[in-house]
Amino acid sequence: MESVQLEYSPEELMSEDSYESPLYGGDVLCHGGYINDQYVSPRGKVRRPAIDAWRTRLTEEGQPLIHVPDAYVPPHYPNYEQAKYLMKEGLVQPVSRSLTTISILEGFGARIRDVALPDFDKEVVEELSGTALAHLDKGLFEAHARDEAGHRDQGGHKQMWEAARDVGLDKPDIPGDVLMRLMGGGTSNRKAERIYPELSAQMEQTIISMANILVVETFAEDVFAWAMELLGDEEVSADPKLAAHLVDCVRIDEKPHVDYLTVALSELRGRTLISQDGKRTFEGSEVVDHIFSRLLRGSASNRPKEARERLQQEIHEQIQDVRRAENVSKHFESLDSGWTFPVEKDEQLEILTKAA
Amino acid sequence: MPKLLNRLHRASRIGYTALCVWLRYKTPQWWDRFRGNNPETRDMRGIHQRNADQIFNTAVAMRGMLIKMCQIVGTRSDVFPPEYVSTLSKCHDRMPARAFDEVRDVVESELGKPIGEVFAEFSETAIASASLAQVHKAKLQDGTTVAVKIQYPDIDHIIQTDLFSSRRIAAIYQRFDKNPMDFLPLLDELQRHLRMELDFRREVESGDKIRTLFDDDRIVHIPEFHHALCSRRVIVMEFVEGFKVTEKDEIEAAGIDASMLMPRLMRAFNKMILAFGFFHADPHPGNILVTKGDGGFPEFILLDFGLAKDLPDGFGMGIFELMFSMMTFNESAMLRAFKELGFKTKNDDDNTLIHIARRMVGRSDSGSFQGEFTEEMTDEMFDAIRENPVVEVPTDFVLVARAFSLLSGIAHTLGQSANALDAMGPS
Numbered sequence: 002m003e004s005v006q007l008e009y010s011p012e013e014l015m016s017e018d019s020y021e022s023p024l025y026g027g028d029v030l031c032h033g034g035y036i037n038d039q040y041v042s043p044r045g046k047v048r049r050p051a052i053d054a055w056r057t058r059l060t061e062e063g064q065p066l067i068h069v070p071d072a073y074v075p076p077h078y079p080n081y082e083q084a085k086y087l088m089k090e091g092l093v094q095p096v097s098r099s100l101t102t103i104s105i106l107e108g109f110g111a112r113i114r115d116v117a118l119p120d121f122d123k124e125v126v127e128e129l130s131g132t133a134l135a136h137l138d139k140g141l142f143e144a145h146a147r148d149e150a151g152h153r154d155q156g157g158h159k160q161m162w163e164a165a166r167d168v169g170l171d172k173p174d175i176p177g178d179v180l181m182r183l184m185g186g187g188t189s190n191r192k193a194e195r196i197y198p199e200l201s202a203q204m205e206q207t208i209i210s211m212a213n214i215l216v217v218e219t220f221a222e223d224v225f226a227w228a229m230e231l232l233g234d235e236e237v238s239a240d241p242k243l244a245a246h247l248v249d250c251v252r253i254d255e256k257p258h259v260d261y262l263t264v265a266l267s268e269l270r271g272r273t274l275i276s277q278d279g280k281r282t283f284e285g286s287e288v289v290d291h292i293f294s295r296l297l298r299g300s301a302s303n304r305p306k307e308a309r310e311r312l313q314q315e316i317h318e319q320i321q322d323v324r325r326a327e328n329v330s331k332h333f334e335s336l337d338s339g340w341t342f343p344v345e346k347d348e349q350l351e352i353l354t355k356a357a
Numbered sequence: 007m008p009k010l011l012n013r014l015h016r017a018s019r020i021g022y023t024a025l026c027v028w029l030r031y032k033t034p035q036w037w038d039r040f041r042g043n044n045p046e047t048r049d050m051r052g053i054h055q056r057n058a059d060q061i062f063n064t065a066v067a068m069r070g071m072l073i074k075m076c077q078i079v080g081t082r083s084d085v086f087p088p089e090y091v092s093t094l095s096k097c098h099d100r101m102p103a104r105a106f107d108e109v110r111d112v113v114e115s116e117l118g119k120p121i122g123e124v125f126a127e128f129s130e131t132a133i134a135s136a137s138l139a140q141v142h143k144a145k146l147q148d149g150t151t152v153a154v155k156i157q158y159p160d161i162d163h164i165i166q167t168d169l170f171s172s173r174r175i176a177a178i179y180q181r182f183d184k185n186p187m188d189f190l191p192l193l194d195e196l197q198r199h200l201r202m203e204l205d206f207r208r209e210v211e212s213g214d215k216i217r218t219l220f221d222d223d224r225i226v227h228i229p230e231f232h233h234a235l236c237s238r239r240v241i242v243m244e245f246v247e248g249f250k251v252t253e254k255d256e257i258e259a260a261g262i263d264a265s266m267l268m269p270r271l272m273r274a275f276n277k278m279i280l281a282f283g284f285f286h287a288d289p290h291p292g293n294i295l296v297t298k299g300d301g302g303f304p305e306f307i308l309l310d311f312g313l314a315k316d317l318p319d320g321f322g323m324g325i326f327e328l329m330f331s332m333m334t335f336n337e338s339a340m341l342r343a344f345k346e347l348g349f350k351t352k353n354d355d356d357n358t359l360i361h362i363a364r365r366m367v368g369r370s371d372s373g374s375f376q377g378e379f380t381e382e383m384t385d386e387m388f389d390a391i392r393e394n395p396v397v398e399v400p401t402d403f404v405l406v407a408r409a410f411s412l413l414s415g416i417a418h419t420l421g422q423s424a425n426a427l428d429a430m431g432p433s
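Here the protein sequences line up with chains V and L, keeping their order. As numbered in our numbering, residues 2 to 357 make up the first sequence, in order. As numbered in our numbering, residues 7 to 433 make up the second sequence, in order.
And the structure:
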């Protein structure tokens with residue numbers, strides 16, 4: 002019987018398929034390309050089967066996978082109907098801002114290559130060879146970073162979102178406050194508090210970073226659906242076919258990110274973590290589940306509220322006629338889905354698939 | 007001293023200093039070449055120190071523009087030898103002050119009244135003095151303690167003379183040195199900036215504008231101005247106290263979290279440069295004080311807005327895109343950012359910009375947000391630009407790069423990192 006390959010070199014994990022033609026977003030060369038007229042993601046030739054092999058091993062060991070139910074994913078704000086309504090009323094700026102912010106956040110995903118990994122050999126009781134965890138700094142993080150921010154002469158997701166925006170909205174003005182809002186307006190940066198101070202800072206930060214990015218990538222599913230519907234709508238998009246296709250390419254590219262982060266975090270759940278002083282151990286499931294649940298709830302419940310307040314403010318700033326602004330604001334609100342996070346407490350969250 | 011004599015005196019002193027510095031470096035090289043020695047192995051510390059001492063002494067004696075130049079060198083511990091940095095950093099706010107009688111006339115002529123009518127107390131000893139002005143502590147008639155910034159009476163003339171002399175010296179140097187650096191564009195820039203700095207009314211307006219930018223963010227405090235007492239050559243403002251941003255030991259001893267100095271300082275400047283489009287372009291350590299803010303975090307008091315600058319619409323986003331593309335090693339995005347910022351080539355030929363982008367991304371095969379835009383990349387970029395003189399660099403970019411460069415120098419002194427993108431990025 003042929004043994005399954007579980008060890009890979011960085012070069013293998015970043016190797017490319019033989020594309021017949023490259024992907025362009027407008028005049029910007031992007032990554033990946035086409036084979037038989039189908040878009041194929043970058044750096045996937047070996048990465049895809051490698052992630053499948055690690056996941057298969059994990060499920061064969063009887064370990065469950067981290068999973069976010071659809072019900073936990075907040076709808077993009079403003080939703081498709083609201084965004085389309087705003088655009089038809091001449092308010093393109095909120096959509097332009099939204100797409101620009103998404104592009105920047107995607108680009109910042111490249112920070113994953115800077116995550117300082119813990120010494121897994123010392124800080125995890127069990128053996129890690131042949132796992133996704135053992136390959137984070139051997140190609141997985143670097144491939145992810147390049148997918149997000151581009152590399153050398155190729156654009157990544159940041160540039161693909163920008164291209165989708167420019168193609169779909171016909172090179173709209175970029176609101177001047179995008180970076181200010183991203184930096185958090187009046188809030189100043191403070192030190193993050195430790196959640197598990199007994200663990201090494203690197204271990205905790207690695208789990209937080211991976212969990213955070215996994216939550217963002219999972220929530221992005223709804224963002225893709227929203228953007229494809231809006232930018233693919235002939236009534237408001239300048240080039241519905243290309244704009245929606247570019248977003249679809251990003252969606253396709255994100256799948257390996259969700260997959261390897263899911264596998265790596267799930268691998269860590271099934272292991273035992275050692276405290277910095279070596280005197281105490283923690284069940285990986287306790288640490289990972291707690292951190293993941295906390296981030297999941299925080300991301301899902303905070304963002305829509307802030308976005309809603311800002312958009313209402315913007316409608317009133319952009320429309321000078323007070324009565325018209327009120328009417329637009331009212332109708333805009335009536336199109337809101339009224340979504341709220343469905344679970345009261347972190348402990349009630351269901352974040353796992355069933356064990357195989 | 008008559009103006010002509012004064013001009014000759016200053017020109018000869020500056021020229022003599024430049025010649026001494028040049029000869030102290032060249033003579034050992036000639037000697038080593040003559041003896042067949044390797045000049046790389048020579049211990050240069052003594053020469054650096056003697057040159058730094060002489061430059062400092064000349065700057066202190068001559069003041070004006072030379073002090074400005076020394077301030078820049080004094081913050082670049084990553085570029086210049088420690089002998090220069092430790093010696094020339096004294097130019098930040100420890101310049102010997104002028105005698106009170108020399109500046110009293112300026113105050114009285116600007117306010118149109120004797121000092122005693124406006125102030126209940128006026129300390130004759132300056133609390134700080136720098137290249138263009140000195141500051142005195144005083145008390146208004148209502149008992150409010152204030153700081154009074156007074157422009158030196160003869161500074162206009164001094165600057166004109168120094169610029170003229172420096173241009174002549176730079177021209178002579180370029181004729182004699184086989185591989186000369188082009189100092190003339192630097193002098194053009196310096197001239198433009200000094201002109202802005204000499205009108206204090208502009209400084210007051212700029213300070214007010216920056217204060218509004220931080221209304222909802224207590225990371226930065228701008229001293230309040232007493233507008234009725236401010237004029238072209240005098241500023242009367244709120245008296246504030248704090249530690250100099252590079253006094254790390256004192257800051258820690260006061261219970262301020264020193265580890266957050268650079269992250270918060272970079273955040274403050276990111277806000278001004280990338281988001282507001284209006285910024286304090288002269289963040290040398292003498293212009294940044296630190297006090298204890300909420301929760302023991304550092305709060306910054308910014309001083310001296312003579313070089314505050316508006317940026318064109320979209321410029322902050324352009325700078326962000328350039329930094330981002332540099333740190334993610336995306337040369338095509340870097341090329342677009344160069345163009346958006348207004349970099350130009352002769353005949354609109356992209357190849358030069360592509361060459362610069364390739365050179366910058368060529369240092370490694372992977373990017374990092376841990377890298378500093380300021381220290382590593384601006385130096386590399388300006389090296390590449392120097393080697394490709396067809397490139398026209400936008401003035402605003404030079405100012406922004408200089409500000410980040412000064413912040414980088416502060417970070418270096420604190421043993422921290424001036425990471426602009428990390429300071430703004432979402433967690």
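Where is the CB? At the ideal position from N, CA and C, for every residue including glycine. Fair warning: this is a prediction, and the values are worked out from it, not measured in the lab.
Span of the beta strand (DSSP E), counted from its first residue to its last, around residue i
i: Tyr35(V); result: 29–36
i: Met243(L); result: 240–244
i: Tyr197(V); result: Here Tyr197(V) belongs to no beta strand (DSSP E), and DSSP marks it neither H nor E.
i: Tyr25(V); result: 22–26
i: Gln39(V); result: 39–41
i: Leu100(V); result: No beta strand (DSSP E) holds Leu100(V); the alpha helix (DSSP H) holding it covers 94–109.
i: Ala306(L); result: According to the sequence displayed, residue 306(L) carries Phe and not Ala. Unbroken beta strand (DSSP E) run through Phe306(L): 304–308.
9 Å Cβ cutoff, residue i in contact with chain L
i: Ala111(V); result: yes
i: Ile196(V); result: no
i: Gly34(V); result: no
i: Gln397(V); result: As displayed, chain V neither begins before 2 nor continues past 357, which places residue 397(V) out of reach and without an answer.
i: Ile275(V); result: no
i: His332(V); result: no
i: Gln160(V); result: yes
i: Gly63(V); result: no
i: Trp108(V); result: A quick correction: the sequence has Gly, not Trp, at residue 108(V). Closer than 9 Å: yes.
Proximity test, Cβ basis, 9 Å: residue i and chain V
i: Ser338(L); result: yes
i: Met430(L); result: yes
i: Phe344(L); result: no
i: Phe484(L); result: The first residue shown for chain L is 7 and the last is 433, placing residue 484(L) beyond what the model contains.
Run of the alpha helix (DSSP H) containing residue i, from where it starts to where it stops
i: Lys298(L); result: Taken as a continuous stretch (DSSP letters only), Lys298(L) belongs to no alpha helix (DSSP H), being part of the beta strand (DSSP E) at 294–298.
i: Thr151(L); result: Careful: Thr151(L) lies outside any alpha helix (DSSP H), inside the beta strand (DSSP E) at 151–157.
i: Glu360(V); result: This structure cannot speak to residue 360(V), because chain V is shown only from 2 to 357.
i: Thr57(V); result: 48–61
query = If you measure beta-carbon to beta-carbon, which residues of the stretch 129–158 of chain V are closer than 9 Å to chain L?
reply = Glu143, Ala146, Arg147, Glu149, Ala150, Gly151, His152, Arg153, Asp154, Gln155, Gly156, Gly157
query = Listed from N- to C-terminal order along the chain, which residues in the stretch 166–187 of chain V have their beta-carbon within a distance smaller than 8 Å of any beta-carbon of chain L?
reply = Ile175, Gly177, Asp178, Val179, Leu180, Met181, Leu183, Met184, Gly186, Gly187
task = May I ask you to list, following chain order, the residues of the stretch 320–333 of chain L that have a beta carbon less than 9 Å from some beta carbon of chain V?
result = Gly320, Gly322, Met323, Phe326, Phe330, Ser331, Met333
message = Could you check whether the stretch 134–141 of chain L touches the stretch 158–176 of chain L, counting it as contact only if at least three pairs of C-beta atoms, one from each stretch, sit closer than 8 Å?
response = yes
request  = Would you be able to state if there are at least three C-beta pairs under 8 Å between the stretch 32–48 of chain V and the stretch 14–22 of chain V?
outcome  = yes
message = Report the start-end ranges of each beta strand (DSSP E) in the stretch 240–322 of chain V that is 3 residues or longer and not cut off at the edges.
response = 273–275, 282–284
Start-end ranges of the beta strand (DSSP E) lying completely within the stretch 191–275 of chain L, minimum 3 residues = 240–244
ask   = Mind listing which residues of the stretch 14–32 of chain V have their C-beta closer than 8 Å to chain L's C-betas, in chain order?
value = Val29, Leu30
message = Three or more C-beta pairs under 8 Å: does that hold for the stretch 238–256 of chain V against the stretch 218–227 of chain V?
response = yes
ask   = If you measure beta-carbon to beta-carbon, which residues of the stretch 19–44 of chain L are closer than 8 Å to chain V?
value = none
message = With a threshold of 8 Å, are at least 3 pairs of Cβ atoms found where one atom belongs to the stretch 150–161 of chain V and the other to the stretch 265–281 of chain V?
response = no
query = Is it a yes or a no for the stretch 226–236 of chain L touching the stretch 105–113 of chain L, going by three-plus beta-carbon pairs under 8 Å?
reply = no
ask   = Which residues, in order along the stretch 270–303 of chain L, keep a beta-carbon less than 8 Å from a beta-carbon of chain V?
value = Arg270, Arg273, Asn276, Lys277, Leu280, Ala281, Phe282, Gly283, Gly301, Phe303
Whole runs of the alpha helix (DSSP H) within the stretch 83–142 of chain L, excluding any shorter than 4 residues = 88–94, 106–117, 121–124
The stretch 166–186 of chain V contacting the stretch 50–67 of chain V, beta-carbon criterion three pairs below 8 Å = no
inquiry  = With a threshold of 8 Å, are at least 3 pairs of Cβ atoms found where one atom belongs to the stretch 317–330 of chain L and the other to the stretch 397–410 of chain L?
reply    = yes
ask   = Mind listing which residues of the stretch 268–298 of chain V have their C-beta closer than 9 Å to chain L's C-betas, in chain order?
value = none
inquiry  = Give me the subset of the stretch 88–102 of chain V whose CB atoms are less than 8 Å from a CB atom of chain L, sorted by chain position.
reply    = none
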